[in-house]
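Working notes, beginning with the structure itself.
Number of protein chains: 2
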Amino acid sequence: MRKSTVYDVAKKAGVSTATVSFAFRHPDKVKDKTRKKVLDAAAILDYVPSASARGLARGKTGALGLYSFDMLLERPQGSELEDLNALNEQNDSSFTRPNMFVYPLYVDEIQRGFELECWHRGKTVLLGTANSPKENNSITDIAGSVDGLAVFPNRGTDDLPLPQLCRTVPLVRIGDLDNTLSCASIYCDNTAGIISLIDHLIDIHHITDMSFIGEITTFDMRSRFNAFQQHVTQRGIQVTTALLDNSEATSQEWMVKLCEAIDTNQLPQAIVCANDQTALNVMEILTDAGIRIPEDILITGFDGIMAAEFSRPPITTVRQPMEHMGRLAAKLLDERAGIPWDSPQSYKLPVRMIIGESCGCKTQ
Amino acid sequence: MRKSTVYDVAKKAGVSTATVSFAFRHPDKVKDKTRKKVLDAAAILDYVPSASARGLARGKTGALGLYSFDMLLERPQGSELEDLNALNEQNDSSFTRPNMFVYPLYVDEIQRGFELECWHRGKTVLLGTANSPKENNSITDIAGSVDGLAVFPNRGTDDLPLPQLCRTVPLVRIGDLDNTLSCASIYCDNTAGIISLIDHLIDIHHITDMSFIGEITTFDMRSRFNAFQQHVTQRGIQVTTALLDNSEATSQEWMVKLCEAIDTNQLPQAIVCANDQTALNVMEILTDAGIRIPEDILITGFDGIMAAEFSRPPITTVRQPMEHMGRLAAKLLDERAGIPWDSPQSYKLPVRMIIGESCGCKTQ
DNA sequence: TTGAAAGCGCTAACAA
DNA sequence: TTGTTAGCGCTTTCAA
């Protein structure tokens, strides 16, 4: 059964297609009786207007997009996506309890903010993701179907055709800063966050020797690493360089270094991690090696994701206003009404330190 | 600066628009040299194909939709969505820690499954929500822009034009069962879940007197309520009817009844709650009244959301395979390739009881 | 208040 | 292998 169109409705209602369109889009511009005829005909014919056609005609889609780069690859579930059929087996992973080490993470909280704001504004949300690093044309696909697009940075972001996109559609980078492109950047005050962490470790816990762990693959991570180096120097702190990893590598070299440091007893008094997920991993490795946190070593994270609060011990971290960031992205995009920015915009949002117990504090 | 189109690219590359289209959609059908010309021209012109135009021409959009009904209204944040500007203030709620009583909930875990499967299949996800119960034409809007649509049931779902939609686009109802419409229904084995809960309370904790609390506004809730009534009768258990609320009301009448029962000391030995969120609320009210769980009364939930596991005490509940349900929805929709079902389909998924401590068990 | 008609940008026969 | 061309369904001037 063919889908019915304006033409079908128009014929059935005995009016023109223009009137059908008006009956839906500008109800007040149409005589009540006419409108009723149209609506009735539409109901009988199961008329569902084509958003594609409308988008084409209007030059807008009414949707805002959020693009995440190879999220799947970074999450354990990604690999289990095949077994959709054997749910009856008792040991199916679908029955395991929710695991907050996998969800919700940083991107999820931002996504949630984005969705809230879009719904608030009556925009629909389009979610896209590349399955493989090579598929960077998928971002162009989604860019072509929205009035504005928010993008998460990631390793591989450099390959994305962001320079072209931002000339065609309003583009927001989240957790990233770019002053060369005519797009908006929303990021948090990484420097202030790292400083407050370091100061806390020094001033409250009298640490004289610390290091930094993390993959320096994005703007955020780089900012934190730089802030660490700088502030630690400024405070005259010794740095256990054995651990420092300022490589751009995607592999987790720091794990090797950390294990070596454990084996050779070269651990610093404290480790500042690039983010909560890294901190979680570091803590697991240390714990497995019989090293206690915070008795034997202090750990800090960054981001303030849910898992940081519920890990044992809870992680002392810096919380980004993630929901807010997502909402701001949607707001900025919506306000552009489809018109790309003509100069770089940036929004640096404040952060707040959250004291857990991994730094040696007692939080009741 | 006008967005460039196939025509612009075609002219610049010195080919026809068809060739431009082919160069992108069927790269192998175009001579290498020609394709290169096209791609170069496209890059120079910042060409971003219009998904609307493609959707129109192809009759498909490549997106799958997920529609939630008035989610915002049910969540505390919904009301705070205005203050997007004053983030510098120290007490901004954006800095509060993630609150799992608000997110992620039942729908979020399903949504996540839906997203995972869509990404896996290379489909984009369209998220839509009605801001107000009256805005039920928004679902038609999103139905018009996807190749398949999943819908959450809710109070108010009855007002939705589901009968018309399911004749135009493949439709999946999640957490709902409908044998009258030509759509698919994905729901869990509510009856088995309730039975295992009741049996546990009776057989392990020797409960002889229990009741049920919840708003009976959706298929799931109704199923659980019915299963409760039936199984409790079958096991010859006394029911504290003072608490039973089988009304269809949206207001939370059960709160009143619960408070009365507390005041008059009419509480049963155990309360089976319609879902985890209700259980959380019930526990809060009881705790505030100085009643201890599980010492003074046993509580069970349903769903297995994250907050149930981390509440104190952890809630004994029944876990639905939520991620799986979302994934199944996406899979079914994708497989229809835009063609509506011509008869009702239903998928009842198994559940599993998860022992917490709210039932009186000790889980270390 | 309604109708006629010209696009919107892309795709896919069909031809060449 | 590439070009021509007829739509896809809706919106929106402009006229009536």
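Just so you know, the protein sequences line up as chains U and R, in that order. Quick note on the working numbering: the first sequence kicks off at 1 and runs consecutively. Quick note on the working numbering: the second sequence kicks off at 1001 and runs consecutively. The C-beta atom is built at its ideal place from N, Cα and C for all residues, glycine as well.
When C-beta atoms of the stretch 1092–1106 of chain R are compared with those of the stretch 1288–1299 of chain R, fewer than three pairs fall below 8 angstroms, so the two segments do not count as touching.
Taking every protein chain shown into account, the CB of residue 215 of chain U has 16 or more other CB atoms within 10 angstroms, so this residue is buried.
In the DSSP secondary-structure assignment, residue 273 of chain U is bridged to U/213.
By the Cβ-count criterion, residue 335 of chain U is exposed, with fewer than 16 other Cβ atoms from all chains shown falling within 10 Å of its own Cβ. Taking a C-beta cut-off of 8 angstroms against chain R, the contacting residues of the stretch 110–122 of chain U are 112, 115, 116, 117, 118, 119, 120, 122, listed in chain order. The DSSP-derived three-state label of residue 1128 of chain R is strand. Per DSSP, the continuous alpha helix (DSSP H) segment holding residue 223 of chain U begins and ends at 219–234.
Residue 303 of chain U sits in a strand when the DSSP states are folded into three classes.
Using a Cβ-Cβ cut-off of 9 angstroms, residue 165 of chain U is close to 1046, 1048 of chain R, given in chain order. The three-state reading of DSSP puts residue 149 of chain U in strand, counting E and B together.
In chain order, 1004, 1009 place their CB closer than 6 angstroms to the CB of residue 1047 of chain R, counting only its own chain and leaving out the 5 sequence neighbours on each side. For the stretch 1280–1306 of chain R, the set of positions with a beta-carbon nearer than 8 angstroms to some beta-carbon of chain U reads 1304, 1305, 1306 in chain order.
Around residue 1291 of chain R, the same chain offers 1262, 1267, 1297 as residues with beta carbons nearer than 8 angstroms, after the five sequence neighbours per side are excluded. With respect to residue 1340 of chain R, residue 1168 of chain R sits close: the two C-beta atoms are nearer than 9 angstroms. Residue 125 of chain U and residue 66 of chain U do touch by the CB rule: their CB atoms are close to 7 angstroms apart, below 8 angstroms.
Annotation: residue 1188 of chain R to residue 1321 of chain R spans about 8 angstroms, alpha carbon to alpha carbon.
Residue 65 of chain U is bridged by DSSP to U/126, U/149. Going by DSSP, residue 1322 of chain R is part of the alpha helix (DSSP H) stretching over 1322–1336. Listed along the chain, the chain R residues whose CB falls inside 9 angstroms of the CB of residue 169 of chain U are 1003, 1048. Of the residues U/190, U/230, U/253, the one whose Cα lies closest to the Cα of residue 224 of chain U is U/190. Taking C-beta separations shorter than 7 angstroms and ignoring five residues to either side along the sequence, the partners of residue 1325 of chain R in its chain run 1110, 1113, 1174, 1186, 1349, following chain order. Residues 1190, 1191, 1194, 1195 of the same chain have their beta carbon placed closer than 7 angstroms to that of residue 1227 of chain R, with the five preceding and five following residues left out of the count. Out of R/1022, R/1063, R/1105, R/1020, the CA that lies nearest to the CA of residue 1319 of chain R is found in R/1105. Secondary structure at residue 1111 of chain R: helix, using DSSP grouped into helix, strand and coil.
Within the same chain, and ignoring the five residues on either side of residue 222 of chain U in sequence, the residues whose Cβ sits closer than 8 angstroms to its Cβ are 216.
Restricting attention to U/243, U/362, U/343, the CA atom closest to the CA of residue 172 of chain U is found in U/343. Annotation: residue 1259 of chain R is outside any beta strand (DSSP E); the continuous alpha helix (DSSP H) that includes it extends over 1253–1263.
Boundaries of the alpha helix (DSSP H) harbouring residue 1196 of chain R: 1190–1203, taken from the DSSP string. Using a Cβ-Cβ cut-off of 7 angstroms, residue 244 of chain U is close to nothing in chain R; its nearest Cβ partner there is about 30 angstroms away. With the criterion set as a beta carbon lying under 9 angstroms from some beta carbon of chain R, the members of the stretch 349–363 of chain U are 349, 350, 351, 352, 354, in sequence order. One thing to note: residue 1286 of chain R has its Cβ no nearer than 9 angstroms to the Cβ of residue 1308 of chain R. For residue 1142 of chain R, the C-beta contacts it makes with chain U under 7 angstroms involve 124, in order along the chain. Straight-line measurement puts the Cα of residue 1264 of chain R at about 12 angstroms from the Cα of residue 1243 of chain R. Residue environment analysis places residue 1204 of chain R among the exposed positions, since fewer than 16 neighbouring C-beta atoms fall within 10 angstroms of its C-beta. With a threshold of 16 other beta carbon atoms within 10 Å, residue 1253 of chain R falls short and is exposed. For residue 165 of chain U, the enclosing alpha helix (DSSP H) stretches over residues 162–168.
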